[in-house]
Structures are given as structure tokens and as C-alpha cells.
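*Asks:*
Numbering (my numbering), first residue to last: 232 to 459.
(1) Alpha carbons only, please: which of 286, 299 and 327 is nearest the one belonging to residue 337?
(2) With DSSP run on the structure shown, which of helix, strand or coil describes residue 332?
(3) What does DSSP give as the partner residue(s) for residue 292 in the beta ladder?
(4) Can you give me the C-alpha to C-alpha distance between residue 265 and residue 255, rounded to a whole angstrom?
(5) Taking residue 400 as the reference, give the member of 408, 389, 424 and 391 with the closest Cα.
(6) Using 8 Å as the cut-off, can you tell me whether the region 350-359 makes contact with the region 412-432, which would need three or more C-beta pairs spanning the two stretches below that distance?
(7) By the three-class DSSP mapping on this structure, what secondary structure does residue 313 have?
(8) Roughly how far, in whole angstroms, is the beta-carbon of residue 240 from the beta-carbon of residue 392, given that I think they are within contact range, below 8 Å?
(9) Let me know the beta strand (DSSP E) ranges lying completely inside the region 340-406, each 3 residues or longer, listed in chain order.
(10) Hey, residue 404 and residue 376: beta-carbon distance below 8 Å or not?
(11) Measure from the alpha carbon of residue 249 to the alpha carbon of each residue in 348, 345 and 291, then state which is nearest.
(12) Since I believe residue 294 is in contact with residue 273 (beta carbons under 8 Å), could you give me their beta-carbon distance rounded to a whole number of angstroms?
(13) For residue 407, collect the residues of the same chain with a Cβ closer than 6 Å to its Cβ; drop the 5 residues on either side in sequence, then sort them by chain order.
(14) Starting from residue 427, trace the alpha helix (DSSP H) both ways and give me its first and last residue.
(15) Comparing C-alpha positions only, which one of 454, 411, 276 and 261 sits nearest to residue 397?
(16) In three-state terms, what does DSSP make of residue 308?
(17) Under 7 Å Cβ to Cβ from residue 252, same chain only, skipping five residues before and after it: list those, please.
(18) Here's the rule I'm using: 16 or more other beta-carbon atoms within 10 Å means buried, otherwise exposed. How should residue 315 be labelled?
(19) Taking only the alpha-carbon atoms, compute the straight-line gap between residue 331 and residue 269 and give it to the nearest angstrom.
(20) Could you check if residue 386 is buried or exposed, using at least 16 other CB atoms within 10 Å of its CB as the buried criterion?
(21) Put residue 260 into one of helix, strand or coil per three-state DSSP.
(22) Spatial neighbours of residue 344 within its chain, please: C-beta separation below 7 Å, excluding the five flanking residues on both sides.
See the structure below:
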């Protein structure tokens, strides 16, 4: 198979247990986090101004920014910034709010991560649930070309490419050489309306594959050599 825009699976973004890389949260920020419910026994640390949470023999990146200056400028193109307008680090209480949200996901990544797998809104999750799909298990990854695919996050935090294309624009043209496109408009292949996309995800979710890497992948995925 040639190079594709979307890998079959995406593992959690981890860093090794390296004392030279890991930093502790400063005492003032941690005190404000604790006032908002953070338990220091969780052992959250910092790497390159990003909170990381311990998992077995490594730490997992959360995509939540850390800084010891409330109004310090934060790189929102790479991390989720908790402060004013999403452009500053914010208070410890605000950072903890973003962290707590991240830790609710099995991949430990905040769903608003600008370089990660973006969570769906409550409206979309209501639609998925109405189709018999699980809530809060799907997210979207956008390639450098601007094309977007839906991924499924399993209980181990592994993200699986469903190969189902996604756009908020139902009649936007869809590249069916890379994705399963769910709609047709005026003779052109499109992403389809929300119901169409949800129906394609049902097929992907119910798919059975002998290869773990292709679990949850739509059987008509053009990337998948063994599917038809």
C-alpha cells in the first residue's frame, strides 16, 4: 500500500520516564489546582510547557499548556491554553479544568487539541447515540491538506481510523481516493449530511477485521487493500 494521509491507528503520545526532561508543577499553580479538586497523588508532571500524566512506564501528553505566569503568552497553535481568550496560560484552576477534561478521555488528550483528535460536539454525540453508537468515542483528525477523517478511540486510548470523511459542509466535495464519502450532490461525491456520516460510522463501527490495525475501519475504505 502506498503512503496515505491517515494512519490506520494512532497511539497515545508518550514521553519516557526521564528525570532530566520532567519538571514539577510550581507550588503556586499546584495550590490553585488543588483548590479546584486536583489531587497531587496523581503525579502529573510537565514536559516542554505541557502537562503529562503517568501511565505505566511512561507519561502521556495531554495537549494542555502549563506556565507559571497567569498572563504569559501561550502557543495556542500547538496546545490548549486555559487563560483569557485561549491565548494565555491562565490560573491553576483553569489549567486543571482543561486537564480534568483531558483525563476523562481514554487517550488522555484534551478534545480541543489543535494538533490532535478533535472531539465532537454534544449535538453530534446525540446523533451518534441515536444510531446505536457510543458517545464520546469518535473524534476527527485533519491532515495537512485540510482533509478530515473520523477516528474511534478505544478503551486503551488507541485511535482507529474509520476512514469515514467528515465536514460540516454536507455538499463539500470529498476525495474518495482517501476516504469513504457519504453523500452525493448534483452528481458529485460529497461528505454528506450528518445522518449520512453517522450511517457510515455505524458500518465502520460494526465492521469485523482479522487485523487489529483495521478494526473499526469502513469495509469500503480505499486505503484498505484487503477490503472490498
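Backbone N, C-alpha and C fix where the C-beta goes; we use that ideal spot for every residue, glycine too. Computed from a prediction, not measured in an experiment: that's the story for all the values here.
*Replies:* Taking the structure as given:
(1) 286
(2) helix
(3) 283
(4) 14 Å
(5) 424
(6) yes
(7) coil
(8) 7 Å
(9) 369-373, 379-384 and 390-396
(10) no
(11) 291
(12) The pair is not a contact, with the Cβ atoms about 17 Å apart (cut-off 8 Å).
(13) 420
(14) 425-436
(15) 411
(16) coil
(17) 246 and 278
(18) exposed
(19) 8 Å
(20) exposed
(21) helix
(22) 294 and 311
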